[in-house]
Amino acid sequence: MIFSVPGTFFLVLVLYGFSGIPYVYFFSFLKNTSTSGFFIFLIINLLIGTIMPTVVLLSESEEVEYSMLVFPHFCLVSGLTSFSRLALLNNKCKLIRETDRLSLCRNRRTLSPCC
Numbered sequence: 001m002i003f004s005v006p007g008t009f010f011l012v013l014v015l016y017g018f019s020g021i022p023y024v025y026f027f028s029f030l031k032n033t034s035t036s037g038f039f040i041f042l043i044i045n046l047l048i049g050t051i052m053p054t055v056v057l058l059s060e061s062e063e064v065e066y067s068m069l070v071f072p073h074f075c076l077v078s079g080l081t082s083f084s085r086l087a088l089l090n091n092k093c094k095l096i097r098e099t100d101r102l103s104l105c106r107n108r109r110t111l112s113p114c115c
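So in UniProt numbering, the last spot in the sequence shown is 115, and the numbers never skip.
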């Protein structure tokens, strides 16, 4: 049952937690004071966690995506986006009424995964 929808979501969050610990540990050595270190950590994570997934999604560049996989925040957003897309595709056929699905499948020109 771990590979169900809640189990997959929980696994993504657990892996994010495990990857965040060494990431924060790395940032603890960058500055001498905790305030300046936390501020730099916060700004970098806001940029990487919010802006870069949008840039990668719009540019569709695999090189940029692979280079950003070092950052746990980017991996979390990327993983949750892929998870949401897959869950939406899996449940798309459940949203179509049975009569509409049958009429869609009768038409041989459409290649619907719901047939």
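Where is the CB? At the ideal position from N, CA and C, for every residue including glycine. Bear in mind that the values here come from a model prediction, so they are computed numbers and not experimental data.
- Three or more beta-carbon pairs drawn from the region 73-85 and the region 6-20 are found closer than 8 angstroms, and the two stretches are therefore classed as touching.
- For L47, the closest alpha carbon among the candidates F71, L88 and P113 is that of F71.
- Of the residues assessed, P53 falls on the buried side of the cut-off, its CB having 16 or more other CB atoms within 10 angstroms.
- In this structure C93 does not touch C75 by the C-beta definition: roughly 29 angstroms separates them, more than the 8 angstroms allowed.
- Distance from the CA of G49 to the CA of G37, rounded to the nearest whole angstrom, comes to 18 angstroms.
- A straight line joining the alpha-carbon of E60 with that of Y66 spans about 11 angstroms.
- Apart from the 5 residues on each side of it in sequence, V12 sits with its Cβ closer than 6 angstroms to the Cβ of G79 in its chain, given in chain order.
- Straight-line spacing of the CA atoms in Y23 and L58 works out to 26 angstroms.
- Beta-carbon to beta-carbon, V56 and V64 are separated by about 5 angstroms, close enough to satisfy the 8 angstroms threshold.
- If you keep only unbroken alpha helix (DSSP H) runs of at least 4 residues inside the region 29-102, you get 34-46, 52-59, 62-68 and 72-95.
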